[in-house]
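Number of protein chains: 2
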Amino acid sequence: MALEQVLATIDKNLNHSLERLFALMRIESVSTDPAFAKNCRAAAVWLAKELSALGLDASVRDTKGHPMVVAHGKATAAAPHVLFYGHYDVQPADPLALWQTPAFEPEVREVGGRKAIVGRGSADDKGQLMTFVEAVRAFVEAEGELPLAVTILLEGEEETGSPSLLPFLEANKAELKADVALVCDTDMWNDTTPAITTMLRGLMLDEVIVKAADRDLHSGLFGGAAMNPIRVLGKIIASVHDGDGRIVIPGFYDGADELDPEIKAQWTALDFSESKFLGEIGLSKPAGEKGRHVLEQIWSRPTCDVNGIIGGYTGTGSKTVIPAQASAKFSFRLVGKQNPESIRASFRDFVRKQLPPDCEAEFLAHGGSPALQLPLTSPYLKKAREALAAEWGAPAVLKGSGGSIPIVGNFKRDLGMDSLLIGFGVDDDRIHSPNEKYNLSSFHKGARSWARILDALRS
Amino acid sequence: MALEQVLATIDKNLNHSLERLFALMRIESVSTDPAFAKNCRAAAVWLAKELSALGLDASVRDTKGHPMVVAHGKATAAAPHVLFYGHYDVQPADPLALWQTPAFEPEVREVGGRKAIVGRGSADDKGQLMTFVEAVRAFVEAEGELPLAVTILLEGEEETGSPSLLPFLEANKAELKADVALVCDTDMWNDTTPAITTMLRGLMLDEVIVKAADRDLHSGLFGGAAMNPIRVLGKIIASVHDGDGRIVIPGFYDGADELDPEIKAQWTALDFSESKFLGEIGLSKPAGEKGRHVLEQIWSRPTCDVNGIIGGYTGTGSKTVIPAQASAKFSFRLVGKQNPESIRASFRDFVRKQLPPDCEAEFLAHGGSPALQLPLTSPYLKKAREALAAEWGAPAVLKGSGGSIPIVGNFKRDLGMDSLLIGFGVDDDRIHSPNEKYNLSSFHKGARSWARILDALRS
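Respectively, the protein sequence lines represent chains A and B.
The letter at position 457 of the first sequence is residue 534 when you use the numbering used here, and the numbering goes up by one with no holes.
The letter at position 356 of the second sequence is residue 433 when you use the numbering used here, and the numbering goes up by one with no holes.
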């Protein structure tokens, strides 16, 4: 069996794989601090050299910020062409004093009863991206060529919001287009259960400014007769949800399909502790739509939150003012086929209808993007699920992500590709914090997982 | 008739009275700017000298800030002892460029078809306080003595919140105690209709901080499951009033008596334009309790306003955060016998009862004071009404004031005196603004009004 040889190669080479990962982790590629710009470039150069050594056509590509690494590898197989995405930049190591060993001197040691690779970037994202590179290496070593056509795109600005990524995608569409994207920057369900993130909620951001009198008023002289915009805004905020936590804006749920029964059954059966999840942030009761599982509430149901509010006097003490205006920033998480701009229009109508006499509302649009969902019928998904189940002995959880992962939207909109989000991080990896770690099993079985996935995709 | 002689003396001396007022107005006694501290003292010294010349025992009394002027005058009459209060400090003259004539070079000229004294302090409060001093002078000149025992208290920090006044009252209670206080720092109803301010709303200030999770949360990762304190606060704000604008906090209206029918009839009959009053601040409809006259809403009805609110991200753009807390500053205007501290307790209970699971509320008390009301049965009020009606040929409007006038509360609580608030300013005097003016008729008939009031009180 060809796959068995590839997996055996990964097992045999594990120590060498670790040495290569350590070499990459020693490069202090902190993207946010200009003092480390040279280190970022050094990481890109190191990766391009490594990929070239595997026979890929790799190059360091300049941007206005830190460079991209792009590598292309051809294959005999007429199988799908995959684009792999990862990032080589890392968060700053501060506060340095809290690291048990230096952030950029990686080592393997026991953490919480498991062997782990400790150091900045171990889990986010150097360790993760190297699982894919090591899988590719094993194919080259065992079979003499890549399993399928591969493009690898590694950026150096993920930790600073990826400012160069979209322009780079747009300028190099033809070069980067593939059949499906593989993204390795997410977590497993737990130490032993793999996961694929298939649902990403969309987002619509809108700001409301309620105005009443043409100036701030003395609340003694006018209080009782003058409209108070904070009160009006409070009423608007209070009226968005009904008593069951449902949003009452007309048409809001259009396109917000119910969860597929298979996924719902999977989530319900998961070993998930609501009290632990909420307890970690000081809460105990899910505050969302009644009758929904917490995972549904955060992964597959749309929401409305107020992210900020301000009006009147906000300093210490008191000031008896009725302010001329008050404003609030609303965000709506969207799912399924909900249309951000239709919802924006409906929200604004809803607000306007609640304005009492003498009040007006101004609005500021802060962007919007639809939800993304990998169809359950995707053949790539099917193969990846089988591959992960074979490696881990447990079916992959098909997760949602409540937050947005912009790269996935860009791949979909600009390059017309779905993305398989598969990663091997776990909850306690402490990414962005001191003593970041990546389980040795994540690294090892992650590489094996990619080998199985690539093998499955080519068949 | 003795009074007729006093009034004739005022008429005869009008030009000299104006010269004295001008001398006082030329002293740039701006209290807020330390550069003018010497001018403030100079104004106090000028006043003490002026009062001494009238036979009063006058002195300049140091405080931590600008000095007080206190003057005592004895009288043959066993009549009530009155304490007169006014202030000699003024607002800054800025913006200087907008003055048609220099702020501190007073003159009489026609303004809006009426002769007026133009200059900083003409209406607020030098012109007003000098109406009383000139009335006293006329008694001394016409009758050789004061009509009744008078204490005059003039402060120099009214425009900066009177920081020294309460300590001075407390330190000199015995000296300052009188039977009734006369305060000349308010307005008439209009150019030709006098007014006495007999109702001052009280105030209770409380701040609410709603807390949920123990940290700020990512609204993507937790939105839909996590409690949002801004939403909770919005609901609290929205729930304070019912659809008719009434406050639903239990017990809130206890002690908020209905307006005396006589006063209500007077207010209803007043030449008052709701649309003009609201139109000046860009509004058109009274927003308070349904079925109440606007004057009732602002003078004799209690209110709840939110004076400030803040929570989450309030900078430019958006941030997808569910904040750990949000806070709002509430103020309640109180009337009649409403008890600030009972209402504070009831409000806090009301807030706590609306908190959903996992939310708590913290409170910050920012002070409170009950409403003040001069009883309609007060013999001093009766005499002042008769005196004003005789001078102006129109009954005095018994006004309310929606804002607080702290000195009146201090006189009541610390010295056990009611206050008669009688002043001769009008709406368009532009106090605190460039081209401040005081109608010549206000100055002249103001002095005559005080002469009549003092005469009435002694009888």
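Cβ atoms here follow ideal geometry from the backbone N, Cα and C, with glycine treated the same way.
Please read all numbers here as calculations on a predicted model, not as lab measurements.
Residues within the region 370–382 of chain B neighbouring chain A, beta-carbon criterion of under 7 Å: Identification of residues in the region 370–382 of chain B having a C-beta nearer than 7 Å to some C-beta of chain A yields V371, Q374, I375, R378, T380 and D382, given in sequence order.
In DSSP terms, what E236 (chain A) is bridged to: None; E236 (chain A) has no bridge partner.
Inter-residue Cα distance where the pair is P271 (chain A) and E468 (chain A): Straight-line Cα distance between these residues: approximately 9 Å.
Residues bridged to I324 (chain B) (per DSSP): DSSP lists B:H318 as partners of I324 (chain B).
N- and C-terminal bounds of the beta strand (DSSP E) containing T345 (chain A): Judged by DSSP secondary structure, T345 (chain A) falls outside any beta strand (DSSP E) and instead within the alpha helix (DSSP H) spanning P338 to A346.
Stretch-stretch touch, CB-based, cutoff 8 Å, three pairs: the region 125–139 of chain A with the region 487–505 of chain A: With fewer than three CB-CB distances shorter than 8 Å, the region 125–139 of chain A does not count as touching the region 487–505 of chain A.
Of the residues A:C261, A:A342 and A:R378, the one placed nearest V159 (chain A), counting alpha carbons only: Closest by alpha carbon: A:C261.
Under the three-state DSSP convention, the category T228 (chain B) falls into: The three-state reading of DSSP puts T228 (chain B) in strand, counting E and B together.
Run of the beta strand (DSSP E) containing F161 (chain B), from where it starts to where it stops: Element bounds for F161 (chain B): V159 to H164.
Beta-carbon gap between G196 (chain A) and A174 (chain A) smaller than 8 Å: Result no, Cβ atoms of G196 (chain A) and A174 (chain A) do not sit closer than 8 Å.
Per-residue contacts from H295 (chain B) into chain A (C-beta, under 9 Å): The contacting residues are G479 and G480.
Residue from B:A524, B:Y515, B:S526 and B:D532 whose Cα sits closest to the Cα of R186 (chain B): It is B:Y515.
Coarse secondary structure for T208 (chain A), derived from DSSP in three states: Secondary structure at T208 (chain A): helix, using DSSP grouped into helix, strand and coil.
Residue range of the unbroken beta strand (DSSP E) whose run includes Y390 (chain B): From DSSP, Y390 (chain B) is part of no beta strand (DSSP E); its letter is neither H nor E.
Beta-carbon spacing of L360 (chain A), D435 (chain B) below 8 Å: One thing to note: L360 (chain A) has its Cβ within 8 Å of the Cβ of D435 (chain B).
Neighbour flag for A272 (chain A) against chain B, beta carbons, 8 Å: At a cut-off of 8 Å, the C-beta of A272 (chain A) has no neighbouring C-beta in chain B.
Within 8 Å, strictly: CB atoms of E232 (chain A) and L243 (chain A): No, the pair does not count as a contact, with Cβ atoms beyond the cut-off.
Rounded distance between the beta-carbons of L498 (chain A) and S263 (chain A), thought under 8 Å: The question names Ser, but residue 263 (chain A) in the sequence shown is Thr. By a beta-carbon distance limit of 8 Å, T263 (chain A) contacts L498 (chain A). Their separation comes to about 5 Å.
Residue environment, E38 (chain A), which counts as buried when at least 16 other CB atoms sit within 10 Å: Within the shown structure, residues of chain A are numbered from 78 to 536, placing residue 38 (chain A) beyond reach of any answer.
Simplified DSSP assignment, three categories, for Q374 (chain B): Note: Q374 (chain B) maps to helix in three-state DSSP.
Sequence-distant residues of its chain with Cβ nearer than 7 Å to A154 (chain A) (five each side left out): So the list reads P224, L225 and R535, once near-sequence residues are dropped.
P379 (chain A) and V412 (chain A) closer than 8 Å at C-beta: The criterion of a C-beta distance shorter than 8 Å is satisfied by P379 (chain A) and V412 (chain A).
Extent of the continuous alpha helix (DSSP H) to which T86 (chain A) belongs: The continuous alpha helix (DSSP H) containing T86 (chain A) extends over residues A79 to K89.
First and last residue of the uninterrupted alpha helix (DSSP H) at S352 (chain A): Per DSSP, S352 (chain A) belongs to the alpha helix (DSSP H) from E351 to G356.
CB contact flag (L35 (chain B), A156 (chain B), <8 Å): Residue 35 (chain B) lies beyond the residue range present for chain B, which begins at 78 and ends at 536; the question has no answer from this structure.
Simplified DSSP state of A307 (chain A), which is helix, strand or coil: It is Ile, not Ala, that sits at residue 307 (chain A) in the sequence shown. When DSSP states are grouped into helix, strand and coil, I307 (chain A) belongs to the helix group.
Cutoff 8 Å: F427 (chain B) Cβ touching any chain A Cβ: So, not an interface residue.
Partner residues on chain B for P434 (chain A), Cβ-Cβ distance less than 9 Å: Within chain B, L360, S361, K362 and A364 have C-beta atoms less than 9 Å from the C-beta of P434 (chain A), given in sequence order.
Interface residues of chain A facing V285 (chain B) [CB-CB closer than 9 Å]: Listed by position along chain A, the residues whose Cβ is nearer than 9 Å to that of V285 (chain B) form an empty set, because the closest Cβ is around 12 Å away.
A438 (chain B): first and last residue of the uninterrupted beta strand (DSSP E) it sits in: Its beta strand (DSSP E) spans residues E437 to S446.
Contact check, H443 (chain A) vs L253 (chain A), beta carbons under 8 Å: L253 (chain A) is positioned such that its CB atom lies no closer than 8 Å to that of H443 (chain A).
Amino acids of chain A, ordered along the chain, whose beta-carbon sits closer than 8 Å to that of M494 (chain B): Correct list: empty, because the minimum Cβ distance to chain A is about 22 Å.
Environment of D291 (chain A) [buried if 16+ CB atoms lie within 10 Å]: Around the Cβ of D291 (chain A), a 10 Å sphere holds fewer than 16 other Cβ atoms; the residue is exposed.
Partners in chain A for N305 (chain B), counting only beta-carbon separations shorter than 8 Å: Within 8 Å Cβ-Cβ: A364, D382 and V383.
Helix, strand or coil at F329 (chain B) [DSSP, three-state]: Note: F329 (chain B) maps to coil in three-state DSSP.
Residues of the region 325–348 of chain B with Cβ closer than 9 Å to any Cβ of chain E, in chain order: Structure shown: chain E not included; protein chains present are A and B.
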